[in-house]
Amino acid sequence: MKAIRIVVVAVIVAAWVVALGSFINSIADVSTFPDVARSVLSLWPDPDTSTGTVIRFGAVAVVIAGILGFRALGKAGARREHARDDSDQVPLSQE
Numbered sequence: 001m002k003a004i005r006i007v008v009v010a011v012i013v014a015a016w017v018v019a020l021g022s023f024i025n026s027i028a029d030v031s032t033f034p035d036v037a038r039s040v041l042s043l044w045p046d047p048d049t050s051t052g053t054v055i056r057f058g059a060v061a062v063v064i065a066g067i068l069g070f071r072a073l074g075k076a077g078a079r080r081e082h083a084r085d086d087s088d089q090v091p092l093s094q095e
């Protein structure tokens, strides 16, 4: 269960990077940035294209789905742990 949660966190972080890069690319003039930032931000498509819009909204959707999935996995793990604790208890005898 922990391995799945780690993968979900990695997907969330990657989606945040994509969304942030796409957002920066859409609001700023990338040609005025230093060479390093320009080469990194050139990975995203132009913001005025439909591809750029799809990538931006898709990344945000992945972030939202990842956060919801992470919470669901956490709650499932807590329920499993609670059920395991309940099964370990010795029932009281009726006198």
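Each residue of the sequence shown is one higher than the last, beginning at 1 in the working numbering.
Beta carbons are placed, not taken as given, at the ideal position from N, Cα and C, and that holds for glycine.
Here V7 is exposed, its C-beta having fewer than 16 other C-beta atoms within 10 Å. In this structure, the CA atom of A83 is about 22 Å from the CA atom of L68. Under the DSSP assignment, S31 falls outside any alpha helix (DSSP H); it carries neither an H nor an E label. Within the stretch 36-88, the complete alpha helix (DSSP H) segments of 4 residues or longer fall at 50-88, listed in chain order.
The alpha carbon of F57 has as its nearest neighbour, out of F23, V36, G77, the alpha carbon of F23.
Between V11 and the set K75, F70, W44, the nearest pair of CA atoms involves F70. In this structure, the beta-carbon distance from L73 to I4 falls below 9 Å.
CA-to-CA, the gap between S31 and V54 works out to about 23 Å.
Using a 10 angstroms sphere on the CB of V13, the tally of other CB atoms stays under 16, which defines it as exposed.
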